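One structure is given below, encoded as structure tokens.
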Amino acid sequence: MKRKPIFPEFPHMLHGGDYNPDQWQHDPHVLEEDMRLFKLAGCNEMSLGIFAWAALEPREGEFDFTFMDRAMDDIYKAGGRVILATPSAARPIWLAKKYPEVLRCNDHFERNLFGRRHNHCYTSPIYREKVAIINRKLAERYKDHPALLGWHVSNEYNGRCWCPLCQEAFREYLKNKYQTLDALNRAWWSAFWSHTYTDWSQIDPPSPRGEMAVHGLTLEWKRFCSHQTVDFLKSEIAVLKEVCPDKPVTTNLMAFHDDIDYHELSRVLDFVSYDIYPPWRGADKHDIPLAKTIALYYDHHRSMLHQPFILMECTPSTQNWRPFNKLKAPGFHMLASMQAVAHGSDSVLYFQFRKSRGSSEKFHGAVIDHEGSENTRVFREVKELGERLKGLDALVGTYTKSEVALVYDWSNRWMLEASEGFQNRDKKLHDTVLSFYGALWDRGINTDIIGYDDDFSRYKLLIAPMLYSMSEEVGKKFEKFVAEGGHLLATYTTAMVNETDLCYLGGLPGAGLRRVFGIWNEEIDTLYPDETCPVRFADGEKAEAVDYCEHIHSEGAEVLAYYDDHFYAGTPAATRNSYGKGEATYIAFRDTGSAGERLLEEQLNRAGVRRLWDTPLPYGVTVHSRYDEDTEYLFLQNFSYGENTVETAMDLSDLETGEKLTGKIRLAPMETRICVLKH
Amino acid sequence: MKRKPIFPEFPHMLHGGDYNPDQWQHDPHVLEEDMRLFKLAGCNEMSLGIFAWAALEPREGEFDFTFMDRAMDDIYKAGGRVILATPSAARPIWLAKKYPEVLRCNDHFERNLFGRRHNHCYTSPIYREKVAIINRKLAERYKDHPALLGWHVSNEYNGRCWCPLCQEAFREYLKNKYQTLDALNRAWWSAFWSHTYTDWSQIDPPSPRGEMAVHGLTLEWKRFCSHQTVDFLKSEIAVLKEVCPDKPVTTNLMAFHDDIDYHELSRVLDFVSYDIYPPWRGADKHDIPLAKTIALYYDHHRSMLHQPFILMECTPSTQNWRPFNKLKAPGFHMLASMQAVAHGSDSVLYFQFRKSRGSSEKFHGAVIDHEGSENTRVFREVKELGERLKGLDALVGTYTKSEVALVYDWSNRWMLEASEGFQNRDKKLHDTVLSFYGALWDRGINTDIIGYDDDFSRYKLLIAPMLYSMSEEVGKKFEKFVAEGGHLLATYTTAMVNETDLCYLGGLPGAGLRRVFGIWNEEIDTLYPDETCPVRFADGEKAEAVDYCEHIHSEGAEVLAYYDDHFYAGTPAATRNSYGKGEATYIAFRDTGSAGERLLEEQLNRAGVRRLWDTPLPYGVTVHSRYDEDTEYLFLQNFSYGENTVETAMDLSDLETGEKLTGKIRLAPMETRICVLKH
Amino acid sequence: MKRKPIFPEFPHMLHGGDYNPDQWQHDPHVLEEDMRLFKLAGCNEMSLGIFAWAALEPREGEFDFTFMDRAMDDIYKAGGRVILATPSAARPIWLAKKYPEVLRCNDHFERNLFGRRHNHCYTSPIYREKVAIINRKLAERYKDHPALLGWHVSNEYNGRCWCPLCQEAFREYLKNKYQTLDALNRAWWSAFWSHTYTDWSQIDPPSPRGEMAVHGLTLEWKRFCSHQTVDFLKSEIAVLKEVCPDKPVTTNLMAFHDDIDYHELSRVLDFVSYDIYPPWRGADKHDIPLAKTIALYYDHHRSMLHQPFILMECTPSTQNWRPFNKLKAPGFHMLASMQAVAHGSDSVLYFQFRKSRGSSEKFHGAVIDHEGSENTRVFREVKELGERLKGLDALVGTYTKSEVALVYDWSNRWMLEASEGFQNRDKKLHDTVLSFYGALWDRGINTDIIGYDDDFSRYKLLIAPMLYSMSEEVGKKFEKFVAEGGHLLATYTTAMVNETDLCYLGGLPGAGLRRVFGIWNEEIDTLYPDETCPVRFADGEKAEAVDYCEHIHSEGAEVLAYYDDHFYAGTPAATRNSYGKGEATYIAFRDTGSAGERLLEEQLNRAGVRRLWDTPLPYGVTVHSRYDEDTEYLFLQNFSYGENTVETAMDLSDLETGEKLTGKIRLAPMETRICVLKH
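Chains as they are written, first to last, in our numbering: chain A, 1 to 679; chain B, 680 to 1358; chain C, 1359 to 2037.
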């Protein structure tokens, strides 16, 4: 299961982060201190040049690489390497003032003023040209620099632009996709409320000033904006690859960001990188559930390219932009960093190395505080982590084997959010995803997060939470998966609409899945936040439905649970159907956890999914693993601020101490142990 | 009391609803199924052509009536009739793109983009012209079609437009009304904050970008927008009447909609129709109070023209656009439909007959589900109702006799909402209206909801909730009503300002009512939401004031209750005054129900108002009646999800079963019985 | 300590208020009644001409002073005097329509429409010119009128304008201040996110359409807008002084208004005046805390010029624009009015004398109600106060001696609000200020509220709440104050940034105060609203931290209290350091009151601050004093709605009754006694 390291010439766990010496050119002492403290902290990487365009090209066509030349050399001399950024995430003022088209228009079709980051049109030919020029300069200047590891393209792509150029590109995108207006009108059901388009030029993007209710339009606009961002990214990469074809490229992603279909985007990267800022609160009741969410995000980023990823940004101490910004308890930075590694990261990198002295993020945590020395608590914790990471180089490139996958699709999410029906406050897709993921985390089960275009056959069990929208083709893919022996666990709102948000006719679930699940979903009842509906399992166990209660009929499926109130009392609430060589379970109601967990547990057992640990884990403790041929590294992590004890009959040893581990193992608060298991 | 039926040539209870075959032209099988299911469901009416403009006139001046020709014929062949819509509620895109003036401007004076429904300027000459053309085409084509019953003009008129054309029309409206700027400045008290107008052209409509605090301006703008909408409606009707003068016209209304003075609007209709979508929740504690609100709305629509109305839209199952959209319990659709009939509806019509496959309302309930067959719960309930309605043709045209009326005025509402004083979160006009109406509902008393221009002399008791604004003339009308023997029950904030929102001088209540009530209202104290003030009746009964406590003085009135705290402890809280041959009760405080109910009960008795039922009704049960000469039809309805029993000494029979009804009568959950009483 | 009276020719306590006869010119009877009731109410002042521009100049260049001539004469004849307003706070419509530049642009750079008050550009040359013309006319016409006391310039200056003229003036302001773009870029740390300015023309003010995150920019924009308002005020004053140099000028201020640095503004006034509208609620639990806030505001206005101020506006009964507008209990108006006098006001003036009949404030309390007579409760209370004030002329000009000052700085507040860090919902500067002030109020201690440019050496104890931002120079001033024997009490977030919001390097507190406090503030932890952290004093007393817990280290300071939980358990939470001849206490955590109060109490004792009363005061009772050479007037006020008793060994007499006051003194609900103490 081992993958080739991302940077074969530097096969180390990376430790370091964003470095912005352009802010400190007036103070050479600071720059010297940076290098002393870089080494002292056990760092080996700097991410350079993010937001440095104004420094690199202070006037149009005038370039100044002084600060970057020095930084590249200094870092290399200090034993470090550089991931070099393209500066496109923030443009110099002169560029925006001279070429207003580079700035975005908002959803009222008004041009933004200069300001912020991420305020540029992805379509603008001028912006693309200016970015290509500076990118080429950077690539040509540093392509042979020994410090250069790879490319950090732009920064945290996000946002949408409603400018005339984007509008025109949107119309072209639609023409390519639908070919005829008839096809488009049919797909969007635009006859409703007399919205039939009779000329391509009539199509405006959704706007609060105009149309927000044609769901097909909203969907395609989100798809287009995502597509256009990826297209821009490709144009950035093209220049870099042309000049230095061997250096891997990435851009830093952000969990399940709404703006971009990361499944589409990741396909153009050499490796995935990730920025993460969890609001840890210093108490088990907050941080253990949060640890599950974060684990889900890590697994998602690892699954995109099915290889290790780079943790590109995190904070060594606190954020500054949340409503409340807390300090991490001593030891927690170690735990959180090791969690990233456990889930497939080959790095722990920070934003940023030295705190900025002014502007909006001046209070964001950093390795070096405004105080300036190594005598801070945070610096000491960073240094301790640096020392530990040096011992983990063997893990670089090791990968994860998952028998379970959760299926997630961006178009499904966009349609679900845009849909008007059942309840309109929050459809709770992510809550549903998380409730299943959390149960897997509690059980110590490696999980992949995959898209509709992934290979389903790799897995024993697929979890399909709220897959409201799928095409007939995806329906067939699920059908084939089950028919060939796979286990499928799906929920309320499955397959209600097709890929352009048209409802399936002939009874739900659509896309051919009515047969696969052996049920008909006739109606969906919505519960108010203060309402519940009792549910009873066949063996008498009770549960409680919230939010959604579908009124379904078994058409051959075994009924696992029944509603116990409302007019649908006595009708099925959960079913399981044998189909071909496999099984399909349908959960018709949302619950607050226990019922879904019970049904998942049963399905895990029926599918024969392996738990990584051979005994039940206490609350707050989890295990995830990475593989290297016949060696498995089990990361045993205690996310509690209290001690915990686990037991095992496996024959394990501690990777870092060599200690033999078996029987009862005591875990200190926030402790991570890496256990070696030979297969 | 019987009225001529709305459609004398088709004197049946109508059952059916909005039908949009223009969305399904690509699938002839669907169109055939529609007719089969129309008959099967016991339907006899379709509302055709709402939002069909894009289908009827796909390009400017190119008309295509194919789908409508077929639908008219098919429906007629299936034994049905058609209420035909004018398509003005949504315009085709080509129209908006070619003539931008047809789109509205928002309150920032910005032109909307194409999108949504109800996005057109009511002033635009081009829009009026284009609407007139398509309306004339429709009228000419179908005027002699045997299926045509009448006209459904546009759809749910609402909204306001701030475009230059509307602004200019507003100025003309003001010139006509005030004649001189002096008169206007005086009426609006514009000297305050130096807002004196010295030229008509200086008058801009209220806008967040400009002026929101000149109450006279705000009031007249709302009056103008309402007036202009009615003017547009009149222009639509004119064409229809010119071509087919005999067909009655309506437009579908929406309860107490803020945008339009329905008293003014209803004057131009042949009959009133109503769209209603209550958020029934399936539990007595929510649905019984809600049933009272809905009953109020029905009574209001019946009272506008004092004749039966058409329930033009409701859903047979669920809405899709509320925050939470619940299914109706089995049987509830029957109850809710019979409630409409009880209050004067001669129909039960739906939006819509077949669920749209896409766009924003695709999950809105309909007679035919996406599933497509008659095998759904909803279809079965619709069919059951259809069968019952066939037995109620005798009720068509029967009317209601009310001895009590609630007085409601749109200008009063607009001024109260715009006013700044006492409390500014929610003046609670509608809560106050509802608290009196609910007490009447509990007692089984027919009630009319009337305006200032209605005939007061028809009633024994007038309830005047929060009539903050009235002219001297209206004051005189109330004075005359009481002087001649009428009973008047009024509340806090009565007659504070005149018809342009100028405060009455010389002590409140103004408009001459200080003498009628025999009190002086010196000050009004506002209570915070967490505050109450105890109140004590003369006989020691206690109550609790909330929101408003007026500090009043008796000037001859009998004091019925006193405040028991605050600095106004011991001063009057409610009074009754004999004036001429009548009585006027004043309630100076808001309470949460009991005190107002007690005072109402006393006044009902003193006025000799008849209860329809001869014994008290249990909670959740009510009676309303319709008359046909010497026959009264008492609708006895149980709005509870549990059983109830009522008792009577009257000699009744069941209209539908012929069963004799007297003594104890058991009502099943959600049951409606129609009891015949001969006078 | 006595100051020269503001109006030496009329050395009386002023009683009266805003008078707007321009609204009533159509009704001479009203104008006559006004004068009758003016005298009857014991009034001696009217504030005339506020918002009267439309009446004074109905058309450009056409002036009409009829109403004002009459009012000036009538008031004088009635024994009264006039403070005459310039009308610039609201412009006539003709002016706005003809010269659109006089209207403001909002923060989206969009021009407002005519409307509201305070909707004019402070930069517009045309507006300045037109204001100068009308001001000169007024000054010339009335400069010798015997009724004229002084000038009320404009009204409640506030707001900001983003128009092109203001933008250009902003750039000029920056050029003058920073001289070079290099200096500006460095000060604003604009290299962050590539915001480096390379031309002055690139600088746009902060806007939601553009930049909101460059804190230096936000800060300077707020400073500029304040500066420009003061500049406008100066231009108004210049004309007045030119024509009638001897009449004192003021403008009415509003507590700690965010828009304008009142320390800067007050420097150009002859006297300070203040408008106050507290939401009194009629219950001790609301009104006693509120009384402390109001006392703080009064002390603040008195401290600006260190002389008595004029209470320019208050309501005799209720406001109309709050969410809930309550009546004042009988007697409360007396109490609240005497509070103003206790804190240094030489007047009680109202908005307004007669209630407007229409428009937005028609329900605002006034001396004369719409009812129109003297027979209202409110009129009687006003009259009672008028009679009492006549006996207090001896107090005119007497002043206050304070040994304690609270330090408050507008730039600090702006920076703290703009800053992103720790917690971002509400930094709670004002809560912190208030918690210390409230403890001083409870103890009966005169307090000044001063700025960074005030003379520190006047005080024994300085309280420095959340002085997040200060320059090195201010730091030195504090250092000198302590070194020379002063006592300094400071809190969390002290001296984190300099005067352009750049963080201090080298360890906090910055600005040289690390040595003064003898601590290093390493980190700041933020608590969520549902979190607390226990704190323990050296003697075992317990407290509870909320919001902020700084993780500090003693570097010589005595530790007064320790944290008792979190990872910083056992580290210092409060410290005291001897420095030079003085002491500096640092409170590293926010608490809900008790801990801060204890530390304040200790420091008051150590500094030898005198309590005005010689025994502890019961809850709700306070004492503040004014001095006249060797006589001190102690205002003993009971803010409770119940009775209270105080005790004293001082030898006092009642100013108004002559009664000897010593031993137990009983205070009726809401009673104020003015006790004479001879020194």
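For glycine and all other residues, C-beta sits at the position ideal for the given N, C-alpha and C. This structure is a prediction, so every number in the text was calculated from the model and none was measured.
Verify the contact flag: residue i, CB atom, against every heavy atom of the ligand ATP, threshold strictly below 6 Å.
i, result
"A/L612", "As presented, the structure is devoid of all ligands, the ligand ATP included, so that no description of it is given."
Report, in whole angstroms, the separation of the C-beta atoms of residue i and residue j, which I expect to be a contact under 8 Å.
i, j, result
"C/T1403", "C/A1447", "Note that residue 1403 of chain C is Glu in the sequence shown here, rather than Thr. Actually they do not touch by this definition, with Cβ atoms about 19 Å apart."
"B/P1351", "B/F1314", "The sequence as given places Thr at residue 1351 of chain B; Pro does not occur at that position. B/T1351 to B/F1314, Cβ: 6 Å. Contact."
"B/L853", "B/I882", "6 Å"
"C/P1445", "C/W1411", "4 Å"
Assign residue i to one of three DSSP states: helix, strand, or coil.
i, result
"C/K1592", "helix"
"B/A1224", "strand"
"B/E851", "helix"
"C/T1651", "helix"
"B/P779", "helix"
Quick one: is residue i buried, meaning 16 or more other Cβ sit within 10 Å of its Cβ, or exposed?
i, result
"A/S360", "buried"
"B/W861", "Residue 861 of chain B is actually Asp in this sequence, not Trp. Exposed: under 16 other Cβ atoms inside 10 Å."
"C/Q1586", "buried"
"B/E890", "buried"
"A/Y127", "buried"
"C/P1823", "buried"
"B/H758", "Checking the sequence, you will find Gly at residue 758 of chain B rather than His. With fewer than 16 Cβ atoms within 10 Å of its Cβ, B/G758 is classed as exposed."
"A/A329", "buried"
For the alpha helix (DSSP H) holding residue i, just list the boundary residues, first then last.
i, result
"C/L1496", "1483-1500"
What are the boundary residues of the beta strand (DSSP E) that residue i is part of?
i, result
"B/W1199", "1198-1205"
| Proximal residues, the segment 1441-1460 of chain C versus chain B, C-beta separation under 9 Å | So the list reads P1445, A1447, A1448, R1449, P1450, I1451, W1452, A1454, K1455, given in the order they occur along the chain.
| In the segment 967-996 of chain B, which residues sit with their C-beta less than 9 Å from some C-beta in chain A, listed in chain order? | Only those residues of the segment 967-996 of chain B whose C-beta falls short of 9 Å from the nearest C-beta of chain A are listed: S996.
| Taking Cβ-Cβ distances below 9 Å as the criterion, which residues of the segment 1565-1580 of chain C are in contact with chain B? | Those residues of the segment 1565-1580 of chain C that come within reach of chain B (Cβ to Cβ, closer than 9 Å) do not exist; the list is empty.
| For the segment 1976-2009 of chain C, which residues have a CB atom closer than 8 Å to at least one CB atom of chain B, in sequence order? | If the cut-off is 8 Å between Cβ atoms, the segment 1976-2009 of chain C has nothing near chain B.
| said: Against chain C, which members of the segment 1091-1120 of chain B pass a CB distance test of less than 8 Å? | reply: Flagged, chain order: S1098, E1099, G1100, F1101, Q1102, N1103, R1104.
| field | Contacting positions in the segment 1685-1698 of chain C - beta carbon closer than 7 Å to chain B | value | Answer set for the segment 1685-1698 of chain C: L1685, A1687, P1688.
| In chain order, what residues of the segment 1373-1407 of chain C put their CB closer than 8 Å to some CB of chain B? | Sequence-ordered contacts of the segment 1373-1407 of chain C with chain B read N1378, D1380, Q1381, H1384 [C-beta pairs closer than 8 Å].
| query | Taking a cut of 9 Å between CB atoms, which residues from the segment 184-195 of chain A lie near chain B? | reply | Answer set for the segment 184-195 of chain A: R186, A187, W188, W189, S190, A191, F192, W193, S194, H195.
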